[in-house]
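Below is one structure, written out as structure tokens; the observations come after it.
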Amino acid sequence: MRLQDLVRAIYPPRCLCCEAPVEQDFALCGPCWRDTPFVAGLVCDTCGQPLPGQEESGLVQCDDCLRIARPWARGRAALVYGGNARRMILQFKHGDRLDLARPLGDWLARAAAPILQPGMVVAPIPLHWLRLLKRRANQSALLAARVARVTGLPHVPDLLVRDRATPSQEGRGRDARFANLAGALRPHPRRIAQARGRHVLLVDDVMTSGATLAAAADALRGAGVADVSVLVLARVPHERWVTPDRPLPTG
Ligand SMILES: [Zn+2]
Ligand SMILES: [Zn+2]
30 MRLQDLVRAI
40 YPPRCLCCEA
50 PVEQDFALCG
60 PCWRDTPFVA
70 GLVCDTCGQP
80 LPGQEESGLV
90 QCDDCLRIAR
100 PWARGRAALV
110 YGGNARRMIL
120 QFKHGDRLDL
130 ARPLGDWLAR
140 AAAPILQPGM
150 VVAPIPLHWL
160 RLLKRRANQS
170 ALLAARVARV
180 TGLPHVPDLL
190 VRDRATPSQE
200 GRGRDARFAN
210 LAGALRPHPR
220 RIAQARGRHV
230 LLVDDVMTSG
240 ATLAAAADAL
250 RGAGVADVSV
260 LVLARVPHER
270 WVTPDRPLPT
280 G
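Count along the sequence shown starting at 1, add 29, and that's the number in the working numbering.
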């Protein structure tokens, strides 16, 4: 028996979400797959939010992105925040399921395909060190590492630094979320040369209002980055974060 078969006999593949037996590693079982809100079809070209209509409609924007000037070029999301997407993201961020970085990163890389460009640099949204201690890892950096690996693009995990711990975004309206984040992120003085004049693909776990990504994109563009696009694991639909029925992620 090969070692690989032996490992599979002892640790048969389990569904990423519910741990039911599945055929292959890093997969979802049928019911979990059906209950995971993958983004498909027509999406907002700026934030990746799914929109009603045909995919052939050309470049479109959601109401949010029409209203708010986004300081980045294009954006995509792999999932809509809710259902199993929410469950897996909470396990990944707060429940010690760092093993999810690989499959979630693969979904992200697939979602990014339409906006990838040669010469792009991949960078994550940083965590303040206090939050890093609590969470044990910067999950966005793990996702960015996987995206860089799958796409073959360079990864600069500490391109941005977060100097101050921003209070939680929870329960804040849109303007308060943007004000809370303004100036919280800055380029790393010894890393920024790797991104100057290039297009940066910013990776984060969840996009709610877009305030965090806007602060990051502003900081990078102010430091000579040519352009910025954004890639998030899950987009919180507008109506969910304006009148949330349960606490929502920051960002
Ligand atoms: Zn399952
Ligand atoms: Zn949008």
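Note that CB positions come from ideal geometry on N, CA and C, so glycine has one too.
With 16 as the cutoff for other CB atoms within 10 Å, does residue i come out buried or exposed?
i      : result
Leu159 : exposed
Arg103 : buried
Pro350 : For residue 350 there is no data in the structure shown, the boundaries of the chain being 30 and 280.
Gln198 : buried
Leu260 : buried
His123 : exposed
Asp125 : exposed
Ala32  : One point to set straight first is that residue 32 is Leu, not Ala, in the sequence displayed. Exposed, because fewer than 16 other Cβ atoms sit within 10 Å of the Cβ of Leu32.
Ala224 : buried
Asp92  : exposed
If you draw a straight line from the C-alpha of residue i to the C-alpha of residue j, how long is it?
i      : j      : result
Leu182 : Ser169 : 16 Å
Ala166 : Leu88  : 36 Å
Gln222 : Tyr110 : Residue 222 is actually Ala in this sequence, not Gln. Whole-angstrom Cα-Cα distance: 34 Å.
Cys44  : Ala252 : 43 Å
Ala248 : Ala211 : 10 Å
Ala140 : Pro42  : 25 Å
Pro196 : Leu35  : 48 Å
Gly226 : Leu108 : 30 Å
Val72  : Ala98  : 18 Å
Thr75  : Val229 : 15 Å
Ala205 : Ala177 : 33 Å
Gln146 : Leu262 : 19 Å
Cys46  : Pro266 : 22 Å
Leu57  : Leu80  : 25 Å
Leu16  : Arg105 : Since the displayed the chain opens at 30 and closes at 280, residue 16 lies outside it and no answer follows.
Considering only the alpha carbon of each residue, which of the options lies closest to residue i?
i      : options                         : result
Arg215 : Gly200, Ser238 and Val254       : Val254
Leu161 : Leu172, Ala194 and Ala130       : Ala194
Gln78  : Trp62, Leu95, Asp64 and Arg63   : Leu95
Ala38  : Cys47, Cys46, Asp54 and Leu45   : Asp54
Cys61  : Ala69, Asp256, Ala240 and Val51 : Val51
Asp234 : Gly59, Gly134 and Gly82         : Gly134
Pro143 : Arg250, Gly70 and Leu32         : Gly70
Glu84  : Val68, Asp92 and Asp93          : Val68
Gly112 : Ala49, Pro218, Arg219 and Arg63 : Arg63
Trp136 : Val232, Arg250 and Arg219       : Val232
His184 : Ala213, Phe121 and Arg220       : Arg220
Glu48  : Asp256, Gln120 and Ala240       : Gln120
Confirm, please, whether the CB-CB distance from residue j to residue i is below 8 Å.
i      : j      : result
Leu242 : Trp101 : yes
Ala130 : Thr65  : no
Asn209 : Arg201 : yes
Met236 : Arg264 : yes
Ala245 : Thr180 : no
Ser258 : Phe207 : no
Any Cβ of chain C within less than 8 Å of the Cβ of residue i?
i     : result
Glu85 : Structure shown: chain C not included; a single protein chain is present.
Item to check | Three-pair Cβ contact test at 8 Å for the segment 146-156 versus the segment 171-181 | outcome: Touching, yes.
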